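Q: So the sequence shown is residues 74 to 518, counted in our numbering.
All residues carry an ideal CB built from backbone N, CA and C; glycine is no exception.
These figures come from a predicted structure and were not determined experimentally.
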Amino acid sequence: MNAVKLSWKNIKYRPWRSGLAVLLMASGLSIVIVLVLTQSQIDEKFKNNLAEIDLVVGAKGSPLQLVLSSVYHIDNPTGNIHEDSCEFIKNHPFVANTIPVCIGDNFRTYRIVGTTEEYLKMYEADFESGAVWNKPMQIVVGANVYEKYPNKLKVGKRITGGHGIGNDLLEEHNHAHDGTPYEIVGVLKPTGKVLDNMLLCDYRSTWIVHSGHDSGASFDLKTKNEVDESNQALQTFSNPDSAAIRVDTVPAENTDDAHNAHAGHDHSEHNHGHHDHNEPVINVDSILKTIPNSKREITALLVKYKNMRAQMFIPNAVNKNSSLIAADPDIERDRMLKLVDSGIQTANLMGYFVLIISAISVFIALFSSLKDRGYEIALIRVQGASRLKVFTMILGEGLMLSLLGYIFAILISHVGMWVVSGILESNYHYEFNPWAFSITEVYLL
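Okay, structure coming up:
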């Protein structure tokens, strides 16, 4: 009998001892693999989503929170700023480009982000169908959002946004802006970036949507009671002459649902594509004229420098303004990664500690088996086996236990990543690839 078969039979003969050694080995390796995969994907996500943004300008508060909310879209904004307060940044000779970002609404917990076409170009977005908006109240849908609601988010259909952002929104919040529906004009191809998990529109759309809530167009996050009051105010906001908005009925999320609600309606005589039956008539220009400059707010301004000299002057100039703060996304990203890395390194040490304990346990198991198997080894020697064959058999047993532990560790770690990625996608709309492999996994073998 060859050494490999003997080693395997010895493992099966002592299942509890062998199983414990495999379990310890798999536990240590799986902890290390999960942490390595998590760290690599976090680094990749943060690098890809940063794009070409050199500076983020927003309301006073935490610069890290400003970057997380306006660049990575995984936190609440620090507040809103007046568009006029950013004019000196837009006109600065060291600034190549600026992109406004307006955050505050959602569609079924997916963020509706008001911005400009430059935002799509910055992330090199391409269209699966349709095209970019050419006026306010038109909206473009990210790939993952469309994948989740393909029937409701087809090009040509209309949807309404809800007030607020976050994973704890109630379903009823998604109908806070029933009087101002968006028309879907495009669906993006998957980019692997933050665009996949949002809906994008002209940033002036946010002013229009909130114009009926109060005397201006502020879109600060509100409580449920404030949302209900805003809904009631919006339904009564009507002026046929200067008429920003006329609300005849509250439309469904898409025109097909709205039309099917009317029993006996002859659909053959109506073209659904025009959306002109029992829907709000929105005069974009009229609404924008009614919004004073003091109420034209944005959440943040993304800045691209012309040259690196701007880095010495613009942040200081912005921070001198009492209502604004400038955050360098590279600095804030590195600061957050250092915080994350410290936790990952601590967990890594625990993983390696378990790994060392498992290696020791395998050694002890093999050593104790030598004492228990003295008669067996003597019998093998009598049958003509050399010392080398006996040594190879014992060594093979240890290698088999380690290999089994490694295989189970790979399975456990990737299944664990699959569970974690589902939680992250549900809570933060951030995707992790649970089946991505790292070269470190090969090194651990």
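Give a yes or no on whether the minimum CB-CB distance between Asn270 and chain C is below 8 Å.
A: In the structure shown, chain C cannot be found, because there is only a single protein chain.
Q: Look at the Cβ atom of Val228, then the Cβ atom of Val258, and state whether they are nearer than 8 Å.
A: Val228 places its beta carbon less than 8 Å from that of Val258.
Q: Quick one: what's got a C-beta closer than 6 Å to Ala519's C-beta in the same chain, skipping five residues either side?
A: The first residue shown for the chain is 74 and the last is 518, placing residue 519 beyond what the model contains.
Q: Got a sec? Which residues, its chain only, sit under 8 Å from Lys208 by beta carbon, not counting five neighbours each side?
A: Asp275, Val357
Q: Less than 7 Å between C-beta atoms, sequence neighbours within five positions excluded: which residues of the same chain meet that for Glu470?
A: Ser80, Asn83, Ile84, Leu439
Q: Could you check whether Tyr219 and Val260 sit closer than 8 Å to each other, using their CB atoms as the reference points?
A: yes
Q: Does the contact criterion of 3 or more C-beta pairs under 8 Å hold for the segment 501 to 515 versus the segment 102 to 120?
A: yes
Q: If you measure between the beta carbons of Gly457 and Met98, is that distance less than 8 Å?
A: no
Q: Which residue comes first and which comes last in the alpha helix (DSSP H) that contains Phe505?
A: From DSSP, Phe505 is part of no alpha helix (DSSP H); its letter is neither H nor E.
Q: If I follow the unbroken alpha helix (DSSP H) through Tyr255, where does it start and stop?
A: Premise fails: Tyr255 lies in the beta strand (DSSP E), 255 to 261, not in any alpha helix (DSSP H).
Q: How long is the line joining the alpha carbons of Arg406 and Ile417, rounded to whole angstroms?
A: 16 Å
Q: Who are the near neighbours of Pro507 in its chain, counting only those whose CB is closer than 6 Å to its CB and skipping five residues on each side?
A: His487, Met490, Trp491, Ser494
Q: Do Ile238 and Gly152 have their C-beta atoms closer together than 8 Å?
A: no
Q: Which of the three DSSP states, helix, strand or coil, is assigned to Lys377?
A: DSSP places Lys377 in strand when its eight states are reduced to three.
Q: Suppose only complete runs of 3+ residues qualify. What are the beta strand (DSSP E) ranges in the segment 164 to 224, listed by chain order?
A: 168 to 180, 183 to 188, 200 to 203, 211 to 214
Q: Confirm, please, whether the CB-CB distance from Lys377 to Asn170 is below 8 Å.
A: Yes; because the gap between Cβ atoms is below 8 Å, this pair is in contact.
Q: Report, in whole angstroms, the separation of the C-beta atoms of Asn217 and Asp269, which I expect to be a contact under 8 Å.
A: 4 Å
Q: Taking 7 Å as the limit between beta carbons, can you name the residues of its chain near Met409, skipping five residues before and five after?
A: Leu137
Q: Considering Cα atoms alone, identify which of Lys362, Leu517, Asp414 is closest to Ala432.
A: Answer by Cα proximity: Leu517.
Q: Let's test the definition: count the other Cβ atoms within 10 Å of the Cβ of Arg460 and tell me whether it reaches 16, buried, or not, exposed.
A: With fewer than 16 other CB atoms across the displayed protein chains lying within 10 angstroms of its CB, Arg460 is exposed.
Q: Assign Leu73 to one of three DSSP states: helix, strand, or coil.
A: This structure cannot settle anything about residue 73, because the visible part of the chain is limited to 74 through 518.
Q: For Ala94, which residues of its own chain have a beta-carbon under 8 Å away from its beta-carbon, when the five flanking residues on both sides are left out?
A: Ser431, Ser434, Val435, Ala438, Leu474, Gly478
Q: Helix, strand or coil for Gly131, going by three-state DSSP, please let me know.
A: strand
Q: Quick check on DSSP: helix, strand or coil for Arg90?
A: helix
Q: Helix or strand or just coil, what does DSSP make of Ala400?
A: DSSP, read as helix, strand or coil, puts Ala400 in strand.
Q: DSSP puts Arg231 in a beta bridge; with which residues?
A: For Arg231, the pairing in a beta bridge is given by DSSP as Glu256.
Q: By the three-class DSSP mapping on this structure, what secondary structure does Glu156 have?
A: helix
Q: Based on the DSSP secondary-structure assignment, which residues constitute the bridge partners of Met271?
A: Arg184
Q: For the alpha helix (DSSP H) holding Glu514, just list the boundary residues, first then last.
A: First-last of the alpha helix (DSSP H) with Glu514: 512 to 517.
Q: Would Lys133 and Ser367 qualify as a contact pair, given that the criterion is a beta-carbon distance under 8 Å?
A: no
Q: I need the straight-line Cα distance from Pro388 to Thr419, nearest angstrom please.
A: 35 Å
Q: In its own chain, which residues sit with a C-beta less than 6 Å from the C-beta of Gln211, not counting the 5 before and 5 after it?
A: Cβ contact annotation for Gln211 (same chain, cutoff 6 Å, sequence separation greater than five): Glu256, Val258, in chain order.
Q: DSSP three-state call for Glu370: helix, strand or coil?
A: strand
Q: Would you list the residues sitting across from His236 in a DSSP beta bridge?
A: Note: His236 sits in a beta bridge opposite Asp178.
Q: For the candidate residues Ser100, Asn122, Met381, Leu272, whose alpha-carbon lies nearest to that of Thr182?
A: Leu272
Q: To the nearest angstrom, how far is the alpha carbon of Ser278 from that of Gly252?
A: 13 Å
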